[in-house]
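Chemist: One structure, pasted below without further comment.
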Amino acid sequence: MNTPNILKKTGNFTNPKTCPSCQHTNYVWDEEVRYMYCYNCGVASDLAFNRVLNESLKTENFPYYSFLRVGQVLNLEEKEFMITARLRYRSSHKEYYTSDEGSGYSNETWYSDTYILQNTQEGKNERFYLNEDKEGYSLGMPITVDKTDADPTNLELFTNFYEGRADYRVTEYGSLFLEFFEGETEKEDPYAVGTQTHFATYQEGMWSYTVEQGDGWKEFSAEKKISKEELYQALKGNPYIDTYQERDKGFSTIRKVTSAAALVAFLVFLVSLFSDGTPISSTKVDTKDIDKKEGYLSKPIKIDNTNTNYNIEWSVQFKSYQNQGMYVVVELLDKEKNVINAVESDFWYESGTDSEGSWTESETSSSKYFKFVEEGDYFARIYAKTDSTYFTDATKSQAIINFTVNEGALLSRYFLMLSGFLTVIALLISFGKIGRTTKEKYIYAGINAE
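Numbering (our numbering), first residue to last: -19 to 430.
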């Protein structure tokens, strides 16, 4: 077959094998292969008995989590391995936890891909496992144990199965369900979709030790975490991986810049909460000086900049702390004294006592943002009306009304929205929702190039 363009090299995929389901000829790496996935019809077969193991399952229905692919060659632990198969597992297990509220085992459901790595050295029958899930990558290898009666379904028989190890707490135990298989393998383990495997694991330092048990087989392994950077190094020289890594670095840079911009936007938002701009006009008027019909006309408000925001504030200072209220209207006028906008507020102050003691409630100020379209002089006309249940006509000097225009006001809500938007973008990049989906046309092992 023609070698896939995503691979550093593929070995010799020259051994023809016929799919029992669709009769398509697949070319495999190992002539002793027993289990084979057909990329033409999506069926995995047991070639030893010429039987189909599952219904058609396409790779696109089980998308890859990252850049790993069947057929890639890796250099790990000073050895060369080829990825010969991928298995998608769904786990249903219990995981040990400890917190301030106690400790125990939580119920977990995870999805992961296990890649089978076969040593490429001729006559070297050695295999490793590369596991990938939402927490990252880990490299596993079979080990020889002293206590082969360890049983993941019986925790009393599981612990201390490895010679010379102390009795460590079991960190995880449960079942794995095979949902998808692609590639090839000669191993006698069952790879039919739906196969259940029991497992249990305990941790010691950087290594975790696991026993897996299926129908008539059992395997012991040691596993350690491996970083994405280590995998990049193991695949060094693979043009696809080099391109993927460069793109990954690009999105990492974008994520960092976006995160920094989100932080700056949030800091500006915090500053804007305490900054209303620079006052350019301020008016104070006693309610006794406000005409009932004509209101009170302010001095000219000079606007020199139409490219900035203005914050207009109006408030009331009651002269008495007894229960009272006031309705205030502020009209904004152009130089011709025509109304171009208006705001209104109900201000009030109340106090009293109840079973819990004294209380006070009030609303005495309000504000609004404006943007002027023309430079020039503007005016404010102020009206005020008292609540007759609180006041009589004999008391007109009841409060001082303040009116202020601030230039260069920051719209805090927009900075908060911008910060939130940038944060979401950074998170989507971090968790692979943006920039990680590729549509390259891959040629997989077992398919002839047209």
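Just so it is clear, CB atoms sit at the ideal spot from N, CA and C, and this is done for glycine as well.
All values derive from a computational prediction rather than experimental measurement.
Cβ atoms of Phe359 and Asn321: under 8 Å apart, would you say?
Modeler: no
Chemist: What residue range is occupied by the uninterrupted beta strand (DSSP E) comprising Leu110?
Modeler: 107 to 113
Chemist: On the criterion of 16 or more Cβ atoms from any shown chain inside 10 Å, does Trp9 qualify as buried, or is it exposed?
Modeler: Flag for Trp9 reads buried.
Chemist: For the region 60 to 69 against the region 156 to 166, are there 3 or more C-beta pairs whose distance is under 8 Å?
Modeler: yes
Chemist: One question on the structure: do Ile292 and Ser338 come within less than 8 Å of each other, judged by their Cβ atoms?
Modeler: no
Chemist: Check this for me: beta carbons of Leu119 and Glu199, under 8 Å apart or not?
Modeler: no
Chemist: From Thr384 to Leu243, what distance separates their C-alpha atoms?
Modeler: 31 Å
Chemist: Answer with buried or exposed for Thr133, where buried requires no fewer than 16 other C-beta atoms within 10 angstroms of its C-beta.
Modeler: Per the 10 Å Cβ criterion, exposed.
Chemist: Between Val353 and the rest of its own chain, which residues show a CB-CB distance below 7 Å, the 5 nearest in sequence each way excluded?
Modeler: Thr286
Chemist: Around the Cβ of Thr417, are there at least 16 other Cβ atoms within 10 angstroms (buried) or fewer (exposed)?
Modeler: Only weak support is given to the placement of Thr417: the predicted model assigns it a pLDDT of 43, under 50, and the question is left unresolved by the model.
Chemist: Within the chosen definition, does the region 83 to 100 reach the region 35 to 48 through at least 3 CB pairs nearer than 8 Å?
Modeler: yes
Chemist: How is the alpha helix (DSSP H) around Glu184 delimited, first residue to last?
Modeler: It is not in any alpha helix (DSSP H) - Glu184 instead sits in the beta strand (DSSP E) that spans 176 to 184.
Chemist: Starting from the Cα of Glu387, find the closest Cα among Tyr290, Ser342, Asn318 and give me that residue.
Modeler: Tyr290
Chemist: Buried or exposed for Leu250, please, with buried defined as at least 16 other CB atoms from any protein chain shown within 10 angstroms of its CB.
Modeler: A residue is called buried when at least 16 other Cβ atoms come within 10 angstroms of its Cβ; Leu250 does not meet this threshold and is exposed.
Chemist: What does the alpha-carbon distance come out to for the pair Gly196 and Thr177?
Modeler: 11 Å
Chemist: Ile362 and Ile380: beta carbons closer than 8 Å?
Modeler: no
Chemist: Since I believe Tyr69 is in contact with Leu158 (beta carbons under 8 Å), could you give me their beta-carbon distance rounded to a whole number of angstroms?
Modeler: The Cβ separation is near 6 Å, so the contact holds.
Chemist: DSSP has Phe84 in a bridge; who is on the other side?
Modeler: In the sequence as displayed, the identity of residue 84 is Gly instead of Phe. Answer is Tyr77, bridged to Gly84.
Chemist: Return the Cβ separation of Gly36 and Ser155 in integer angstroms, given the expectation that the two are a contact with Cβ distance under 8 Å.
Modeler: A small fix is needed here, since residue 36 is Ser in this sequence, not Gly. Not quite, the Cβ-Cβ distance comes to about 25 Å (not below 8 Å), so this is no contact.
Chemist: Taking DSSP's pairing of strands, which residues face Val450 in a bridge?
Modeler: The question about residue 450 has no answer here: the residues shown for the chain are numbered -19 through 430.
Chemist: Return the CA-CA distance between Cys(-1) and Asp80, expressed in angstroms with no decimal places.
Modeler: Straight-line Cα distance between these residues: approximately 56 Å.
Chemist: Helix, strand or coil: how does DSSP classify Thr286 here?
Modeler: Reduced to three states, the DSSP call for Thr286 is coil.
Chemist: What is the rounded straight-line gap between the Cα of Gln297 and the Cα of Ser262?
Modeler: 15 Å
Chemist: Tell me where the beta strand (DSSP E) around Tyr117 begins and ends.
Modeler: 116 to 122
Chemist: Please determine, among Glu152, Leu27, Asp284, Lys279, the residue with the shortest C-alpha to C-alpha distance to Tyr77.
Modeler: Glu152
Chemist: Which residues does DSSP list as the beta-bridge partners of Asp222?
Modeler: Secondary-structure assignment with DSSP links Asp222 through no beta bridge to anything.
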